[in-house]
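Numbering (our numbering), first residue to last: 9 to 612.
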Ligand code: F6R
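Following this line, the structure appears as structure tokens:
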């Protein structure tokens, strides 16, 4: 949700800023801009995608060895040229990029307007350059002006400021991500590491309320009072190729095809003793021995992965609730002393999920984050963190991270059982050995090739429904979410048993129904298939192809290899990802950047 970059280089930084923004385009893409400092401060910004900014930059040719940039996902004010970042003060001498929301912007704007400042946009961000300007007018030096400004801001923000009179960047964060990349005497500030992954893998994670300054003297991190902070410098193990499409038409397709590797990474080194042991080095033995029930908080695809994991816990007799993070944050349920609250979030930056975990922590609950991003806010702020190790995901629609979340949670659940009872569940050996074979089973699905010819028959229908039970239910929800996200067609997922309580009214010959068969509750699923067939709906069964009772009833089959039911949902989900991709591609949709959506939703 908005991407910001800052760049301090030895030579001209314009190309590097634009590349950084292109790499962050998944965070927002309805307007973009840069500001660079040469003899003067030049700003190029406009509504539209980054390719359009690139064209404008080629025309106006700004240059400079220090600059900032922004790609926007609108929250305050429509995507217009005026509302695009960077925003500047009255004199055009202070440029600011910002990700997040300034909650007290109206009061600040009124105050600044009363002092004579003139605003040119509808954004909350514009108060920042004017506050810096006001402080400079009152005699403060640049650093003091920046600190005074930050002290006035309420809300969540990551901000980078560039002033005409100084070859220096000032940045800070409060609840929104910000990371510093270090490449010798060159520096990058960004919302996320892929912005600069081609240039350096050496990073410093900036903490909330820290101020970082970057100049010819190097970088310096201080707290809000100006006292030095000594942050850890880390080398991330992400491959720079992860930020490229590697010959695929879209990041989403590449990431779908990366699933065998991603899932392999998630389980690598975590299954031992000939499928009898789970080794999660993150946790001391017995860490979860007191946990009696689990609450998951998550959004979107991570919510569906949590629902999937709930089934693992149910199967092992552990009471579990899954909450939409947006609801939990505002209407939290009671939490017992022995409740573990698990935030599942790919990015580790989703504001609703962070707010939920913060609430849980504030009332004394034990908190665990399951995330893909090692330096993310969620990974650093709560009691424990477990990493899914899927590698960076750039496509806005989550794919490989769903699979990696599910398999990581499967391992976690076995570990939880072991801590509570002293031994793994009876299902553990079968689960663990099938988890080890899951990458090759996903490979089989990816090479199956049925989706293209099956979906030829089902393009341009009125609506698409997805049904399932047990682990097939979250897969049905996820199949529908992916479908609506990238095709913009009407799609809904249901627990198969719910159809007769309302949704059947929508079902007819022009509403194909995807039925997810995991090998559990087959009779009941077949009854639900008959219900929709009786209304004329064609049914596409996602099932093992030898399952005659299913294949003889459905109209088409998307096959999945045989494995334990607990993991068949992951394979079915891969087929459904391919279904959504196929339809979206045929419709010419902007698959990696679906309209109105952003990958990392850092506002509540
Ligand atoms: C769907 C999608 C979103 C995210 C949701 C949570 O394809 O990507 O629904 O799953 O915004 O994001 P994280 O997992 O980063 O908390």
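Ideal placement from N, C-alpha and C gives every residue a C-beta, glycine not left out.
- Under the three-state reduction of DSSP, residue 236 is assigned to strand.
- Taking C-alpha positions only, residue 153 is separated from residue 16 by approximately 21 Å.
- Excluding five sequence positions before and after residue 126, the CB atoms of its chain that fall closer than 8 Å to its own CB belong to 98, given in chain order.
- Per DSSP, reduced to three states, the secondary structure at residue 53 is strand.
- The C-beta separation of residue 316 from residue 482 comes to about 4 Å, placing the pair in contact by the 8 Å criterion.
- Residue 307 has its alpha-carbon roughly 8 Å from the corresponding atom of residue 360.
- Under the three-state reduction of DSSP output, residue 213 falls in the strand class.
- Checking the 7 Å criterion, the Cβ of residue 608 is within range of a heavy atom belonging to the ligand F6R.
- C-alpha of residue 253 to C-alpha of residue 595: approximately 21 Å in a straight line.
- Residue state for residue 339 is assigned as coil, using DSSP reduced to three classes.
- Relative to the ligand F6R, residue 361 has its C-beta within less than 7 Å of a heavy atom.
- Where residue 107 is concerned, the enclosing beta strand (DSSP E) starts and stops at 102 to 110.
- The C-alpha of residue 367 lies about 13 Å from the C-alpha of residue 391.
- Scanning its chain for C-beta atoms nearer than 7 Å, with the 5 sequence neighbours on each side dropped, one finds around residue 109 the residues 83, 132, 163, 164, 611, in chain order.
- Taking C-beta atoms as the reference points, residue 107 and residue 199 count as a pair closer than 8 Å.
- A heavy atom of the ligand F6R is found nearer than 7 Å to the CB of residue 310.
- Using a Cβ distance threshold of 8 Å, residue 311 and residue 299 do not count as a contacting pair.
- C-alpha of residue 418 to C-alpha of residue 558: approximately 27 Å in a straight line.
- Counting the other Cβ atoms within 10 Å of the Cβ of residue 501 gives 16 or more, which makes it buried.
- From the listed residues 149, 171, 41, 234, the smallest Cα separation to residue 101 is found for 171.
- Along the stretch 319 to 393, the alpha helix (DSSP H) occurs as fully enclosed runs of 4 or more residues at 333 to 338, 359 to 370, 385 to 389, listed in sequence order.
- In the structure shown, residue 37 falls within a coil segment according to DSSP collapsed to helix, strand and coil.
- The nearest non-hydrogen atom of the ligand F6R is 7 Å or more from the C-beta of residue 266.
- At the C-beta level, residue 524 and residue 494 stay beyond 8 Å of one another.
- Ranking 119, 111, 61 by CA distance to the CA of residue 94 puts 61 first.
- With a cutoff of 7 Å, residue 273 does not count as near the ligand F6R, since its C-beta is closer than that to no heavy atom of the ligand.
- Boundaries cannot be given for residue 595, as no beta strand (DSSP E) includes it and DSSP labels it neither H nor E.
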